[in-house]
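Here the structure is laid out as C-alpha cells; the discussion comes afterwards.
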Amino acid sequence: ILNVEQSPQSLHVQEGDSTNFTCSFPSSNFYALHWYRWETAKSPEALFVMTLNGDEKKKGRISATLNTKEGYSYLYIKGSQPEDSATYLCAFPNQAGTALIFGKGTTLSVSS
Amino acid sequence: NAGVTQTPKFQVLKTGQSMTLQCAQDMNHNSMYWYRQDPGMGLRLIYYSASEGTTDKGEVPNGYNVSRLNKREFSLRLESAAPSQTSVYFCASSDTSGADTQYFGPGTRLTVL
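Same order as they appear, the protein sequences are chains A and B.
Heads up: the first sequence at position 74 corresponds to 749 in this note's numbering, and the numbers run straight through without jumps.
Heads up: the second sequence at position 74 corresponds to 140 in this note's numbering, and the numbers run straight through without jumps.
Here is the structure:
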C-alpha cells in the first residue's frame, strides 16, 4: 500500500498570516498528485491536479507546487482568512491507477 | 446536474442489522468509490468500481459488500452491522480512472449501537 504523508497534522494561524503545508508521496512511477479542500460538515472538493515536475497551480490565494523527483508537494495559502479553515487533503493514485490513496490531511484553523 | 447523491443522510442501526447505502451520479462517470471517514484516520477506501461490471477491494473492505448496479449507481451493503462501522460514508465518482479528479457526495452518517 502506498503511503501519502501530510504535515503538519493541524495548525492554527491568525487572519492575514500566510502558511504552507506539505504532502509527501512515493517518487517512483509518478502519475498525478491531487489536492482537495474539505470543510467541516461538507464533502471534499478538488483544488488541484498536478502532473508535471515543477508544476505550479494557483486558485485565488491558494497555490501549490510539485517536486516529483523528491516526492513532495507544498500547498501555500497567502493572507489566510477565516473561510480558509478546512482540512486540506492530498491524494496519489494507487499502483494500478484505479483509485486514489488519501493522506490524513492537514487541518487549518484561521482566527479573526 | 445533481452530481453525486447519497441516501440516506443519517441512519442509526442496532448491532447485527443490515442496510444498504445508495449512491448515484449523473456525470456519466465510469469509476465510483466508497470511503469511510473516521476521526484522525482521514478518508479510507472501502471498495471501488473502475467500470460498470467490475468491483475491487480497497483498504478496509471487511464487513462490506458492493454492487455496481449500472453505470450510474454503486451501492454499499452492511450485512451485519457492528459498532466499529459507525462512521461517515462518502461515495465519489471520477471520469475514467483513479488519477482523475473525484467528485464526492454529501455523505451518510451511520451510527451502530
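Glycine is no exception: its CB is placed at the ideal position from the N, C-alpha and C atoms.
Remember, predicted model here, so these are calculated numbers, not experimental data.
| Item | Value |
| --- | --- |
| Let me see if you follow: with CB-CB separation under 8 Å, is B/Asp-161 close to chain A or not? | no |
| At a Cβ cut of 7 Å, what residues of the segment 147-177 of chain B count as close to chain A, listed as they run along the chain? | Phe-156, Ser-163, Gly-164, Ala-165, Thr-167, Gln-168, Phe-170, Gly-171, Pro-172 and Gly-173 |
| Residues of chain A with a CB under 9 Å from the CB of B/Met-107: which are they? | Lys-779 |
| Is it the case that the segment 145-154 of chain B contacts the segment 111-128 of chain B, given that we only count it when at least three CB pairs across the two stretches are under 8 Å? | no |
| Which same chain residues, not among the five before or five after A/Gly-746, have their C-beta less than 7 Å away from its C-beta? | Ser-699, Phe-700, Pro-701 and Ser-702 |
| Could you say which of A/His-687, A/Asn-704, A/Tyr-711 and A/Asn-695 lies nearest to A/Asn-728 if we only look at CA atoms? | A/Asn-704 |
| Just reading off the beta strand (DSSP E) that A/Pro-768 is part of, what are its end residues? | 761-768 |
| Going by DSSP in three states, B/Glu-125 sits in which element: helix, strand or coil? | coil |
| Output needed for B/Asp-161: all residues of its chain with C-beta closer than 6 Å, excluding positions within five of it in sequence on either side, in chain order. | His-95 |
| When the Cα atoms are used, what is the spatial distance from B/Thr-120 to A/Gly-754? | 45 Å |
| Would you decide whether A/His-687 is buried or exposed? Buried here means 16 or more other CB atoms lie within 10 Å of its CB. | exposed |
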